[in-house]
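J.: Quick one: the structure is below, and I'll ask about it shortly.
2 protein chains.
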Amino acid sequence: MKKTGSLEALAEALRRLPGVGPKSAQRMAYHLLQHDREAASTLGHALLNAMDRIHHCSSCNTFTEIEICETCQDAQRDGTLLCVVETPSDQMMIEQTLTYKGLYFVLMGRLSPLDGIGPRDIYLERLIARATDGIVQEVVLATNFTNEGEATAHYIGEMLKARGLKVSRLARGVPVGGELEYVDAGTIARAMLDRRSA
Amino acid sequence: MKKTGSLEALAEALRRLPGVGPKSAQRMAYHLLQHDREAASTLGHALLNAMDRIHHCSSCNTFTEIEICETCQDAQRDGTLLCVVETPSDQMMIEQTLTYKGLYFVLMGRLSPLDGIGPRDIYLERLIARATDGIVQEVVLATNFTNEGEATAHYIGEMLKARGLKVSRLARGVPVGGELEYVDAGTIARAMLDRRSA
Ligand SMILES: [Zn+2]
Ligand SMILES: [Zn+2]
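Structure, rendered in structure tokens:
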């Protein structure tokens, strides 16, 4: 059998999704064609739509469709506190604990020299500009408690302390080696309350 | 953080891919937005394109962009032999063995009463019409050697023998319980040569 052009193109495109190998890409393509064409069309439009509309919040760097995201625009929040997280998922986990009412900065990653991810890739210039706006007084480092997350927190902490900011770190209620996304809200809540000076 | 509409829609659409849960759908969405917008656009277009263009070959039932696929149109092939497979991947595996020069019929599944997959879902009426065209003399059943594949082969075999066709089954060189897609070409080649009357 010669595969048709569109089918081959679909399998190749699915393969570029993270965690999807050639076999599962092919299975996905067959599954969509045979059993769920509506899901395939929905996904096609969702992808094009998202890439067209979503960019980074000019204040906190998270993904948003507007210039400044809703969280950053929320006047109820405490502008003197800035919490630095690796990903939007981590921010969501912290929000769920209801222990934090400040603002955020989302790195969209962590320092990882072995993978070639340096300060520029996690928007550190933007973070410095944001943290030194004259309103922020304390920066809470809430990167993951993995080796890379700890190194990122250390690097950012030194950088911000050198600029006269108070810097704290979530308490180690979070299990060592753990990723925030997989930790229960209670643990994160305690770690937030016990945050220590960094 | 409130998720933006397009981002939420993208994560939900990715979740409908087989084998993708809510966490990995969200990771995929973030990954595409942050690191591979080009892949996302390519996939978006590939999905819409494939759903628009690909349908079933009116002869062998495989996926194709044309009315009758290239394999079915190949005048070099032996029209007296018809090999029944579960999926296009299985057909490709058999092609790779270079032991078979007949035509194919692709069920796009297997009988599975527990999952509500009956004869209509695997196009058995089309298979009967195809196998009784007056040219086909032998039908080679090459469904998987799983319980469901064996039951499907048995069901189809009885149906076609009742219509006076010679029916054979790949020899059990294929490991019992094995799926063709994961078996080496040499084993499939031997099983094809040793195929037995069913
Ligand atoms: Zn924002
Ligand atoms: Zn065909």
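As you go down the protein sequences, you meet chains A and B in turn. Just so you know, we're using the UniProt record's numbering here: the first sequence kicks off at 1 and counts up by one. Just so you know, we're using the UniProt record's numbering here: the second sequence kicks off at 1 and counts up by one. Just so it is clear, CB atoms sit at the ideal spot from N, CA and C, and this is done for glycine as well. In this text, all values refer to a predicted model and were calculated from it rather than measured experimentally.
Should residue 40 of chain B be labelled buried (16 or more other beta-carbon atoms within 10 Å of its own) or exposed?
T.: In the second sequence, counting from the first residue as 1, residue 40 of chain B sits at position 40. With 16 or more Cβ atoms within 10 Å of its Cβ, residue 40 of chain B is classed as buried.
J.: Return the first residue and the last residue of the beta strand (DSSP E) that residue 78 of chain A is part of.
T.: In the first sequence, counting from the first residue as 1, residue 78 of chain A sits at position 78. It spans 78–85 - the beta strand (DSSP E) in which residue 78 of chain A sits, taken as one unbroken run.
J.: Name the residue from A:38, A:95, A:34, A:194 whose alpha carbon lies nearest to the alpha carbon of residue 14 of chain B.
T.: As a working note, residue 14 of chain B is residue 14 in the second sequence. Looking at the Cα atoms, A:38 is the closest of the given residues.
J.: Quick one: Cα of residue 177 of chain B to Cα of residue 93 of chain B, how far?
T.: Numbered from 1 along the second sequence, position 177 holds the residue referred to as residue 177 of chain B. Numbered from 1 along the second sequence, position 93 holds the residue referred to as residue 93 of chain B. Approximately 17 angstroms, taken between the alpha carbons.
J.: Return no unless some Cβ of chain A is closer than 8 angstroms to the Cβ of residue 36 of chain B.
T.: As a first step, residue 36 of chain B is located in the second sequence; it is residue number 36 there, counting from the start. Taking Cβ atoms only, chain A reaches closer than 8 angstroms to residue 36 of chain B, which makes this a yes.
J.: Note down, in chain order, each residue of its chain lying with its Cβ closer than 7 angstroms to the Cβ of residue 195 of chain A, except the 5 sequence neighbours on either side.
T.: Indexing the first sequence from 1 puts residue 195 of chain A at position 195. Contacts found: 140, 168, 169, 170, 171.
J.: Whose CA, out of B:163, B:152, B:31, lies closest to the CA of residue 88 of chain A?
T.: Numbered from its first residue, the first sequence carries residue 88 of chain A at position 88. For residue 88 of chain A, the nearest C-alpha among the options comes from B:31.
J.: Strictly by DSSP, which residues pair up with residue 63 of chain B?
T.: Stepping through the second sequence from its first residue, residue 63 of chain B is reached at position 63. Its beta-bridge partners are B:56.
J.: With DSSP run on the structure shown, which of helix, strand or coil describes residue 120 of chain B?
T.: Here the question's residue 120 of chain B lines up with position 120 in the second sequence. In the structure shown, residue 120 of chain B sits in a helix (DSSP, three-state: H, G or I).
J.: Mind checking residue 6 of chain B: buried by the 16 CB within 10 Å criterion, or exposed?
T.: Against the second sequence, residue 6 of chain B aligns to sequence position 6. Per the 10 Å Cβ criterion, buried.
J.: Using a 10 Å radius around the Cβ and a threshold of 16 neighbouring Cβ atoms, would you call residue 64 of chain B buried or exposed?
T.: Position 64 of the second sequence holds residue 64 of chain B. By the neighbour-count rule (16 or more Cβ atoms within 10 Å), residue 64 of chain B is buried.
J.: Given residue 117 of chain A, which residues of its chain have a CB within under 8 angstroms of its CB, disregarding the five upstream and five downstream residues?
T.: As a first step, residue 117 of chain A must be located in the first sequence, where it is residue number 117. Excluding residues within five positions, the ones whose Cβ falls inside 8 angstroms are 109, 110, 111.
J.: Using DSSP's beta-bridge definition, name the partner residues of residue 196 of chain A.
T.: Within the first sequence, numbered from 1, the residue matching residue 196 of chain A stands at position 196. In the DSSP output, where bridge partners are listed per residue, residue 196 of chain A has A:169.
J.: Is the beta carbon of residue 94 of chain A within less than 7 angstroms of some heavy atom of ligand 1?
T.: By one-based count along the first sequence, residue 94 of chain A stands at place 94. Not so, every heavy atom of ligand 1 lies at least 7 angstroms from the Cβ.
J.: Can you give me the C-alpha to C-alpha distance between residue 150 of chain A and residue 77 of chain A, rounded to a whole angstrom?
T.: The residue labelled residue 150 of chain A in the question sits at position 150 within the first sequence. The residue labelled residue 77 of chain A in the question sits at position 77 within the first sequence. Going from the Cα of residue 150 of chain A to the Cα of residue 77 of chain A covers about 27 angstroms.
J.: Along the region 34–68 of chain B, where does the CB come closer than 7 angstroms to a CB of chain A? Name the residues.
T.: The residues in question are 34, 36, 37, 39, 40, 41, 42, 43, 44, 46, 47, 48, 49, 50, 51, 53, 54, 62, 63, 64, 65.
J.: Could you spell out where the alpha helix (DSSP H) holding residue 10 of chain A opens and where it closes?
T.: Position 10 of the first sequence, counting from 1, holds the residue named residue 10 of chain A. That run of the alpha helix (DSSP H) goes 5–15.
J.: Cα-Cα, which of B:71, B:73, B:102, B:85 is closest to residue 79 of chain B?
T.: If you number the second sequence from 1, residue 79 of chain B lands on position 79. Minimum Cα distance to residue 79 of chain B is reached at B:102.
J.: Let me check you understand the geometry: is the CB of residue 68 of chain A closer than 7 angstroms to at least one non-hydrogen atom of ligand 3?
T.: Questions concerning ligand 3 fall outside what the structure shown contains, since the ligands it does hold are ligand 1 and ligand 2.
J.: Assuming residue 28 of chain A and residue 17 of chain B are in contact, meaning their beta carbons sit under 8 angstroms apart, how far apart are those beta carbons, in whole angstroms?
T.: Position 28 of the first sequence, counted from the start, is the residue given in the question as residue 28 of chain A. Position 17 of the second sequence, counted from the start, is the residue given in the question as residue 17 of chain B. Yes, they are in contact, since the Cβ atoms of residue 28 of chain A and residue 17 of chain B sit about 5 angstroms apart, within 8 angstroms.
J.: Between the alpha carbons of residue 147 of chain A and residue 9 of chain A, how many angstroms are there, rounded?
T.: As a first step, residue 147 of chain A is located in the first sequence; it is residue number 147 there, counting from the start. As a first step, residue 9 of chain A is located in the first sequence; it is residue number 9 there, counting from the start. If I take the Cα positions, the gap works out to 39 angstroms.
J.: Give the list of continuous alpha helix (DSSP H) stretches no shorter than 4 residues that lie fully inside the region 108–163 of chain A.
T.: Here the runs fully enclosed are 124–131, 147–161.
J.: Just checking my contact of residue 82 of chain B with residue 105 of chain B at CB under 8 angstroms: how many whole Å lie between their CB atoms?
T.: The residue you call residue 82 of chain B lines up with position 82 of the second sequence. The residue you call residue 105 of chain B lines up with position 105 of the second sequence. Contact holds; Cβ gap of about 6 angstroms.
J.: Determine the closest residue to residue 160 of chain B out of B:20, B:120, B:198, B:175, with distance taken between C-alpha atoms.
T.: Taking the second sequence and counting its residues from 1, the one referred to as residue 160 of chain B is at position 160. It is B:198.
J.: Check the Cβ-Cβ distances between residue 126 of chain A and every residue of chain B, and say whether any is below 8 angstroms.
T.: Residue numbering aside, residue 126 of chain A sits at position 126 when the first sequence is read from its first letter. Output row for residue 126 of chain A: interface = no.
J.: For chain B, find out if any of its Cβ atoms is closer than 8 angstroms to the Cβ of residue 5 of chain A; answer yes or no.
T.: Position 5 of the first sequence, counted from the first residue, corresponds to residue 5 of chain A. Interface residue, yes.
J.: Does DSSP put residue 19 of chain A in a helix, in a strand, or in coil?
T.: On the first sequence, position 19 is the one that residue 19 of chain A refers to. Here residue 19 of chain A sits in coil by DSSP.
J.: Can we count residue 59 of chain B as close to ligand 2, meaning its CB is less than 7 angstroms from some heavy atom?
T.: Locating residue 59 of chain B in the second sequence gives position 59, where the first residue counts as 1. Checking every heavy atom of ligand 2 against the Cβ of residue 59 of chain B, one is found closer than 7 angstroms.
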